[in-house]
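**Q** One structure, pasted below without further comment.
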Amino acid sequence: YVRIYYTENGKTKDYLLRSSMKRIEELCQLNGLTRCHRSYFVNAAHVRVLAKDKDGFIYAELENLEKRIPVTKRYYENLSNLL
């Protein structure tokens, strides 16, 4: 399952999709989403900042979202180039 979070009329909503991340990856890329972790896609247009914590882990901070999204070394360069 893939849980998709999105904003509509200023409210965060979610939708549960019965699929895999790998299966929807191409569709996500066509719609402006980029992979940043094996469990996450983000819209680079909504990334405020990429930050590294004291332990060396990298996180993306998104507009209108208080949760930090992890970014792995594998996907970091691609995401940082989009910012």
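First residue of the sequence shown: 1386, per the working numbering; consecutive thereafter. Here a beta-carbon is modelled for each residue, glycine too, at the ideal position from N, C-alpha and C.
Roughly how many angstroms lie between the CA atoms of residue 1461 and residue 1444, to the nearest whole one?
**A** Your numbering for residue 1461 matches position 76 in the sequence shown. Your numbering for residue 1444 matches position 59 in the sequence shown. Going by the C-alpha atoms only, they are around 9 Å apart.
**Q** Sorted by chain position, which residues of the same chain lie with C-beta nearer than 8 Å to residue 1386's C-beta, five sequence neighbours on each side aside?
**A** On the sequence shown, residue 1386 is found 1 positions in, with the first residue counted as 1. Only 1401, 1402, 1403, 1404 meet the Cβ criterion.
**Q** Which value, in whole angstroms, describes the spacing of the CA atoms of residue 1392 and residue 1433?
**A** Looking up residue 1392 in the sequence shown gives position 7. Looking up residue 1433 in the sequence shown gives position 48. Computed Cα separation, rounded: 16 Å.
**Q** Does DSSP put residue 1466 in a helix, in a strand, or in coil?
**A** Residue numbering aside, residue 1466 sits at position 81 when the sequence shown is read from its first letter. Helix, per DSSP.
**Q** Going by the beta-carbon positions, is the gap between residue 1431 and residue 1455 smaller than 7 Å?
**A** Looking up residue 1431 in the sequence shown gives position 46. Looking up residue 1455 in the sequence shown gives position 70. No.
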